[in-house]
Ligand SMILES: NC(=O)c1ccc[n+]([C@@H]2O[C@H](COP(=O)([O-])OP(=O)(O)OC[C@H]3O[C@@H](n4cnc5c(N)ncnc54)[C@H](O)[C@@H]3O)[C@@H](O)[C@H]2O)c1
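Okay, here's the thing in structure tokens:
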């Protein structure tokens, strides 16, 4: 039966942000979430009555190996993504995986290899800033040359939820990277906005804000990078900042400057202090965590690359690996997987 004539069957593993995936799938008429999985028995019991038409299980293999399931959403803890992706691919599932794809360079390379063997399978990842209306408008403006030539881009992933690493599962893992866990959103955003590739990075990190807690990794990483075009960028991934969650973004072109501040997004088209910047009306963040999913389902049906493509997932994570390596090695060329 062709994919177009059958309703796709979905399973979701991990029901934190994974629960928000349900609405994303149900926004598409040709698929149905049939199975949910969470290792937490209490959560499963609670959700059974909320989703009576879905099966609930504590074992990820119930979804990953079920021949009736076409698409798997992976929204488990970061260190489980790799093995779940491998098993899903072995069982011919399309995959929508929460970021990060995985935690180790060799794991990413292995996933890449498996995907190459099964080019018919689609994979996408929840790099959700792509759906922010203000950033979509910015991309339009960049493409229409309203910024002139870009020469600098800066972004900060200001987490604003330090307790999630000092108290939650992130601080209990054998390895956690704030670059892979948070910075990946900014890296993807920058490369998507500018359609340029980061080729070299240089990073520093520290752990002061969460010192003495269960968390054992850098909670601040700051880096500079060089793009293929000659543009230069910088980014901080700041999990310790005392402020609400926010993505700072500054884009500098020869004709315009944009700055995304807490108070709003401003577009400057003059160096004259008496000329007011234009406030961008488009909402920020203005996204629901399931917003990329409808399009992903359509890509599976149409047998084409999804909006967040396979190439782009590896492009963003390759830069993240280079940044983490650079903290110990100094300037590091990005080795694209
Ligand atoms: N795209 C985004 O903006 C975004 C936002 C938040 C979280 N995330 C990602 O989503 C993933 C989950 O984070 P969260 O914030 O939802 O955490 P969470 O603690 O709120 O929920 C995770 C749930 O998954 C379950 N789980 C974990 N590993 C499992 C496994 N192997 N099998 C079955 N169930 C499992 C846990 O019991 C828990 O209920 C992480 O990878 C995180 O990076 C992405």
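In my numbering, the protein residues as written are 22 to 358.
Glycine included, each C-beta is placed from N, C-alpha and C at the ideal position.
Asked: Per DSSP, what kind of secondary structure is residue 238 in: helix, strand or coil?; Found: coil
Asked: So the candidates are 132, 260, 280; which of them puts its Cα closest to the Cα of residue 240?; Found: 260
Asked: Rounded to whole angstroms, what's the CA-CA distance from residue 123 to residue 103? Just pull it up for me.; Found: 5 Å
Asked: How should residue 191 be labelled, buried or exposed, when 16 other C-beta atoms within 10 angstroms of its C-beta is the threshold for buried?; Found: buried
Asked: Please work out which residues of its chain come closer than 7 Å, Cβ to Cβ, to residue 29, disregarding the five sequence neighbours upstream and downstream, and give them in chain order.; Found: 51, 52, 91, 92, 318, 321
Asked: Are the Cβ atoms of residue 205 and residue 120 separated by less than 8 Å?; Found: yes
Asked: Would you kindly report the start and end of the unbroken beta strand (DSSP E) that includes residue 78?; Found: 76-78
Asked: When you measure from the CB of residue 38 to every non-hydrogen atom of ligand 1, does any distance come out below 7 Å?; Found: yes
Asked: Closer than 7 Å to a non-hydrogen atom of ligand 1 - does that hold for the CB of residue 310?; Found: yes
Asked: Assess contact between the stretch 302-311 and the stretch 167-186, defined as three or more Cβ pairs (one per stretch) separated by less than 8 Å. Is contact present?; Found: no
Asked: When every heavy atom of ligand 1 is checked, does at least one fall within less than 7 Å of the C-beta of residue 64?; Found: yes
Asked: Could you give the distance in angstroms between the alpha-carbon of residue 342 and the alpha-carbon of residue 238?; Found: 15 Å
Asked: Do residue 110 and residue 143 have their CB atoms nearer than 8 Å?; Found: no
Asked: Return helix, strand or coil for residue 122, following the three-state DSSP convention.; Found: coil
Asked: Going by beta-carbon coordinates alone, are residue 244 and residue 230 separated by less than 8 Å?; Found: no
Asked: Using CA coordinates, which residue listed in 33, 145, 63 is at the minimum distance from residue 338?; Found: 145
Asked: CB of residue 97 to nearest heavy atom of ligand 1: below 7 Å?; Found: yes
Asked: Would residue 77 pass as a contact of residue 89 if the rule is Cβ separation under 8 Å?; Found: no
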